[in-house]
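Colleague:
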Ligand code: CIZ
Ligand code: SF4
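In UniProt numbering, the protein residues as written are 24 to 345.
Below, the structure written as structure tokens:
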């Protein structure tokens with residue numbers, strides 16, 4: 024604990040020295056979210072992180088999240104230095120959607136509008152007509168469907184099929200998945216729900232359809248936090264990364280939050296409801312990023328040609344969200 028306090032003191036000094044602000048995702052560890060709050064940074068979902076970083080006056084952004092979030096920050100703020108605690112923090116959706124294969128999929132269906140989830144590389148975004156996050160995907164697809172568009176959706180197949188079901192839109196789905204949400208199990212959830220009959224079930228739509236079907240509320244991280252705050256229930260069973268409990272408990276003090284079951288025990292689940300890449304964003308790595316030595320392992324660069332192309336579908340989403 025004393026060591027942690029030392030890290031925090033040094034990080035605060037470095038943030039000032041470098042004119043930097045810490046932007047953290049809801050899925051990072053609680054102490055990282057607390058540090059972002061204490062230092063005037065932000066804790067949010069990927070859409071809000073992108074907006075906050077773009078609009079903040081700081082010269083340097085330090086993005087505690089996963090690589091696509093750092094890339095999105097750089098695409099929106101090329102004049103800022105964008106640092107990450109580690110460039111190794113990736114995402115199974117990004118890894119499972121390489122640009123060459125995805126482009127070939129798009130080329131095979133040239134009459135389709137290409138909608139990609141924010142959890143993708145800058146190169147995949149550059150191939151897209153629209154970028155969406157889970158907080159706005161439904162509205163954007165509804166809009167495109169109302170214009171009679173046929174849609175290519177990538178990479179999350181669970182989110183894609185949920186949206187297709189909700190909107191009735193014609194969607195071709197890339198077959199990617201999030202290793203965290205894919206693990207939630209409907210059968211174990213049904214058993215847990217039987218033990219807590221008054222609990223409401225909150226589910227992120229990256230979860231399998233069988234789990235989404237049991238939900239009392241389905242939504243993005245910020246929408247689930249809002250649901251815990253506004254619904255009358257005293258108890259919630261929550262199917263998303265457990266990092267969310269930090270902000271959800273703040274928003275809904277006094278309510279009981281229970282993790283949805285991943286079915287496995289510690290030995291058999293891949294992530295046990297916590298993203299292994301989000302977990303790489305520790306205090307030590309944040310200090311290392313801000314210290315300014317070893318920049319090639321911390322600084323985000325996006326090729327200017329790619330940046331320019333990826334900015335178009337990203338701005339389309341941000342304009343739509345206004
Ligand atoms: O699962 C993720 O990485 C999410 C929910 C990202 C986001 O949009 O905040
Ligand atoms: Fe990717 Fe899932 Fe981790 Fe989010 S929680 S960064 S979607 S692997």
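Glycine residues also receive a C-beta, built at the ideal position from the N, C-alpha and C atoms.
Less than 7 Å between the beta carbons of residue 15 and residue 64, yes or no?
Modeller: With the chain covering 24 to 345 only, the question about residue 15 has no answer from this structure.
Colleague: Residue 215 to residue 249, Cα distance in whole Å?
Modeller: Going by the C-alpha atoms only, they are around 23 Å apart.
Colleague: Go ahead and label residue 81 buried or exposed: buried means 16 or more other beta carbons lie within 10 angstroms of its beta carbon, across all protein chains shown.
Modeller: When all chains shown are included, residue 81 counts as buried.
Colleague: Mind checking whether the beta-carbon of residue 253 lies closer than 6 Å to any heavy atom of the ligand CIZ?
Modeller: Flag unset: Cβ of residue 253 not near the ligand CIZ.
Colleague: Can you tell me which residues form a DSSP beta bridge with residue 179?
Modeller: Looking at the DSSP assignment, residue 179 forms a beta bridge with 199.
Colleague: Which of helix, strand or coil does DSSP assign to residue 259?
Modeller: DSSP places residue 259 in strand when its eight states are reduced to three.
Colleague: In whole angstroms, give me the CA-to-CA distance for residue 208 and residue 284.
Modeller: Looking at the two C-alpha atoms, the distance is approximately 6 Å.
Colleague: Please list the terminal residues of the continuous beta strand (DSSP E) segment that includes residue 282.
Modeller: Element bounds for residue 282: 279-282.
Colleague: Return helix, strand or coil for residue 322, following the three-state DSSP convention.
Modeller: Three-state DSSP puts residue 322 in a strand.
Colleague: Looking at the secondary structure, which residues open and close the alpha helix (DSSP H) in which residue 83 lies?
Modeller: Counting along the chain, residue 83 falls outside any alpha helix (DSSP H), though it belongs to the beta strand (DSSP E) covering 83-87.
Colleague: Output needed for residue 317: all residues of its chain with C-beta closer than 8 Å, excluding positions within five of it in sequence on either side, in chain order.
Modeller: Cβ neighbours of residue 317 beyond the five flanking positions: 311.
Colleague: On the three-state DSSP scale, how would you describe residue 67?
Modeller: Correct three-state label for residue 67: strand.
Colleague: Residue 61: buried (16+ other C-beta within 10 angstroms of its C-beta) or exposed?
Modeller: Flag for residue 61 reads exposed.
Colleague: Looking at C-alpha atoms only, which residue of 261, 175, 167, 173 is the closest neighbour of residue 211?
Modeller: Taking only the C-alpha atoms, the option nearest residue 211 is 261.
Colleague: With a cut-off of 8 Å on the beta carbons, I'd call residue 51 and residue 87 a contact; round off their distance for me.
Modeller: With a Cβ gap of about 5 Å, residue 51 and residue 87 count as contacting.
Colleague: Would you tell me roughly how many angstroms separate the C-alpha atoms of residue 92 and residue 136, rounded to the nearest one?
Modeller: Going from the Cα of residue 92 to the Cα of residue 136 covers about 23 Å.
Colleague: Can you name the residues that DSSP bridges to residue 300?
Modeller: None; residue 300 has no bridge partner.
Colleague: Near residue 302, what residues of its chain come up, given a Cβ to Cβ distance below 7 Å and the 5 sequence neighbours on each side ignored?
Modeller: Once the five neighbours on either side are set aside, the close Cβ partners of residue 302 are 52.
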